[in-house]
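Per the UniProt record's numbering, residue 1 is the first one in the sequence shown, and the count goes up by one each step.
All C-beta atoms in this analysis are idealised placements derived from N, C-alpha and C, irrespective of residue type, glycine included.
No experiment lies behind these values; they were computed from the predicted model shown.
The block underneath contains the structure these notes are about, expressed in structure tokens.
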Amino acid sequence: MLQGNHVTTRDGVQIYVKQWGPESGQPVVFSHGWPLNGDAFEDQMMFLAHHGYRAIAHDRRGHGRSSQPGFGNDMDHYADDLAAVTEALDLRNAVHVGHSTGGGEVARYIGRHGVSRVAKAVLIAAVTPIMARTPWNPEGLSPDVFDGLRAGVKTDRGQLYKDFTTVFYGYHRPGAKPSQGAIDGFWMQGIMGSLLAQYEGVKAFSETDFRDDLRKMIVPTLVLHGDDDEIVPLATTSRAAVKLLPQGTLKIIPGAPHGLCTTHKDIVNEELLAFIRG
């Protein structure tokens, strides 16, 4: 059910949604990364809206302007919330775009709800098929990495989010030009969310196994990743994911960090437009 800018899910959570561009345009639906909200995709939304597409972004439960329930901070609920948004807006022939955690959300959405409303998908620096080290993913990241992240969220998430942007945007690299505006924007989006949701979300994005979901993504799927991503390693995520996708295409953006939708927005925008039109 859509009321104003919110969709109410079956378990009573209100999901904030914003829409730009003509309502008659093909829907392009954005799922954001941790710990951000739908504003993380504003550059892509405005670009596509100006090209006649109906650009839609939602704030994940516990994030941004959505409800902050004390439950459901896992990929199944994230996917079902996305399904609730697509049903409430009656979206069809949609292109689903997910960055980082949002890429996992898109994969799980298709894995649980199928492709009847989906035309194409885009996974940008996504956490698929899994981030954490497992017996079948021995090159994955150590559990210590995620334990440290949870400790930072619990101890002083405000400072964590300020520090995190350095690596997220690659601002420590030689020749990089840090943007205080981008840093402040990341912090503001992060701090708007629920401490509980962001703490529990670390488990969701790091430990969820998306292998079966990727196999069910039978629509054309573009996989975008920067080769200087220090947050979500290219080798064990996108390179592995494209091998499981029935119609996957991998494109690597040289020099791009994890936050490439901001630092390399013009390249990302053109890749999206070409893929959607193709």
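For this session: Excluding the 5 residues preceding and the 5 following I124 in the sequence, name in chain order all residues of the same chain whose CB lies nearer than 6 Å to its CB.
Result: For the purposes of this step, residue 124 is identified with residue 124 of the sequence shown, where counting begins at 1. For I124, where only same-chain residues beyond five positions count, the Cβ hits under 6 Å are H99, L224.
For this session: With A55 as the anchor, note down where its alpha helix (DSSP H) starts and where it stops.
Result: If you number the sequence shown from 1, residue 55 lands on position 55. Counting along the chain, A55 falls outside any alpha helix (DSSP H), though it belongs to the beta strand (DSSP E) covering 54-58.
For this session: Sort G4, A57, V118, L89 by Cα distance to M217 and report the nearest one.
Result: By one-based count along the sequence shown, residue 217 stands at place 217. Considering only alpha carbons, the answer is V118.
For this session: Helix, strand or coil for Q19, going by three-state DSSP, please let me know.
Result: In the sequence shown, counting from the first residue as 1, residue 19 sits at position 19. Strand.
Exercise. With distances taken from CA atoms, which of I252, M131, F47 is nearest F205?
Worked result: The residue given as residue 205 occupies position 205 in the sequence shown. Nearest option by C-alpha distance: M131.
For this session: Taking Y169 as the reference, give the member of G38, H32, G255 with the closest Cα.
Result: One-based indexing of the sequence shown puts residue 169 at position 169. That would be G255, whose Cα lies nearest to the Cα of Y169.
Problem set entry | Between the CA atoms of V115 and D209 - distance to the nearest angstrom | The residue given as residue 209 occupies position 209 in the sequence shown. The residue given as residue 115 occupies position 115 in the sequence shown. Distance between the alpha carbons of D209 and V115: 20 Å.
Problem set entry | Cβ neighbour criterion (16 or more within 10 Å) applied to P129 | Counting from 1 along the sequence shown, the entry for residue 129 is found at position 129. The residue is buried, with at least 16 neighbouring Cβ atoms inside 10 Å.
Exercise. Excluding five sequence neighbours on each side, which residues of the same chain lie with their C-beta closer than 7 Å to the C-beta of L244?
Worked result: In the sequence shown, residue 244 corresponds to position 244, counting from 1. Sequence-distant Cβ neighbours of L244 in its own chain, meaning closer than 7 Å and more than five residues away, are P129, R211, L214, R215.
Exercise. Whose C-beta lies closer than 7 Å to the C-beta of R150 among residues of the same chain, with five residues either side of it excluded?
Worked result: Along the sequence shown, one-based indexing puts residue 150 at 150. Contacts found: Y199, V202.
Exercise. Q19 to P135, Cα distance in whole Å?
Worked result: What you label residue 19 is simply residue 19 of the sequence shown in a count that begins at 1. What you label residue 135 is simply residue 135 of the sequence shown in a count that begins at 1. Computed Cα separation, rounded: 42 Å.
Problem set entry | Rounded separation between residue 279 and G21 - CA only | In this structure the chain extends from 1 to 278, so residue 279 is not present and cannot be described.
Problem set entry | DSSP three-state assignment for T9, whether helix, strand or coil | Position 9 of the sequence shown, counting from 1, holds the residue named residue 9. In this structure, T9 counts as coil in the three-state DSSP scheme.
Exercise. Are G70 and L196 close, meaning C-beta to C-beta below 8 Å?
Worked result: Against the sequence shown, residue 70 aligns to sequence position 70. Against the sequence shown, residue 196 aligns to sequence position 196. Yes, these two residues count as a Cβ contact at 8 Å.
For this session: Enumerate in chain order the residues of its own chain whose CB-to-CB distance from R92 is below 7 Å, with the five nearest sequence positions on each side excluded.
Result: The residue you call residue 92 lines up with position 92 of the sequence shown. Shown here for R92: same chain residues with a beta carbon closer than 7 Å to its own, the five before and five after excluded, namely R117 in chain order.
Exercise. Are three or more beta carbon pairs between the stretch 256-266 and the stretch 167-186 nearer than 8 Å?
Worked result: Output reads yes: the stretch 167-186 touches the stretch 256-266.
Exercise. Quick one: is G4 buried, meaning 16 or more other Cβ sit within 10 Å of its Cβ, or exposed?
Worked result: By 1-based counting over the sequence shown, the position of residue 4 is 4. That one is exposed.
Exercise. Where does H50 sit, in a helix, a strand or coil, going by DSSP?
Worked result: For the purposes of this step, residue 50 is identified with residue 50 of the sequence shown, where counting begins at 1. Of the three classes helix, strand and coil, the one that applies to H50 here is coil, per DSSP.
Problem set entry | M75, buried or exposed, once every other Cβ within 10 Å from all chains shown has been counted against 16 | What you label residue 75 is simply residue 75 of the sequence shown in a count that begins at 1. Result: buried.
Exercise. Helix, strand or coil for T236 per DSSP?
Worked result: Mapped onto the sequence shown, residue 236 falls at position 236. T236: coil per DSSP, three-state reduction.
Exercise. In terms of DSSP beta bridges, what is S31 paired with?
Worked result: The residue you call residue 31 lines up with position 31 of the sequence shown. S31 is bridged to G98.
For this session: For N269, name the three-state secondary structure that DSSP assigns.
Result: The residue you call residue 269 lines up with position 269 of the sequence shown. Helix at N269.
Problem set entry | Alpha carbon of M46 to alpha carbon of D80, nearest angstrom | Mapped onto the sequence shown, residue 46 falls at position 46. Mapped onto the sequence shown, residue 80 falls at position 80. One C-alpha to the other measures close to 26 Å.
Problem set entry | Neighbour-count burial assignment, G12, 16 or more Cβ in a 10 Å radius | Taking the sequence shown and counting its residues from 1, the one referred to as residue 12 is at position 12. By the 10 Å Cβ count, G12 comes out exposed.
For this session: Could you name the residues of the same chain whose beta carbon sits closer than 7 Å to that of I267, not counting the 5 residues immediately before and after it, in chain order?
Result: Here the question's residue 267 lines up with position 267 in the sequence shown. Cβ neighbours of I267 beyond the five flanking positions: I253.
Exercise. Are the beta-carbon atoms of I15 and V28 separated by less than 8 Å?
Worked result: On the sequence shown, residue 15 is found 15 positions in, with the first residue counted as 1. On the sequence shown, residue 28 is found 28 positions in, with the first residue counted as 1. Not in contact: I15 and V28 (Cβ atoms no closer than 8 Å).
For this session: Provide the residue(s) that pair with V219 in DSSP beta bridges, ordered along the chain.
Result: Counted from its first residue, the sequence shown places residue 219 at position 219. BP columns for V219 are empty, so no partner.
Exercise. G248 lies in the beta strand (DSSP E); which residues open and close that run?
Worked result: Mapped onto the sequence shown, residue 248 falls at position 248. Start and end: 248-253.
For this session: Mind reading off the beta-carbon distance from H96 to V106? Whole number of angstroms is fine, and I expect it under 8 Å.
Result: Working through the sequence shown from its first residue, we reach residue 96 at position 96. Working through the sequence shown from its first residue, we reach residue 106 at position 106. Right, their Cβ atoms sit about 5 Å apart.
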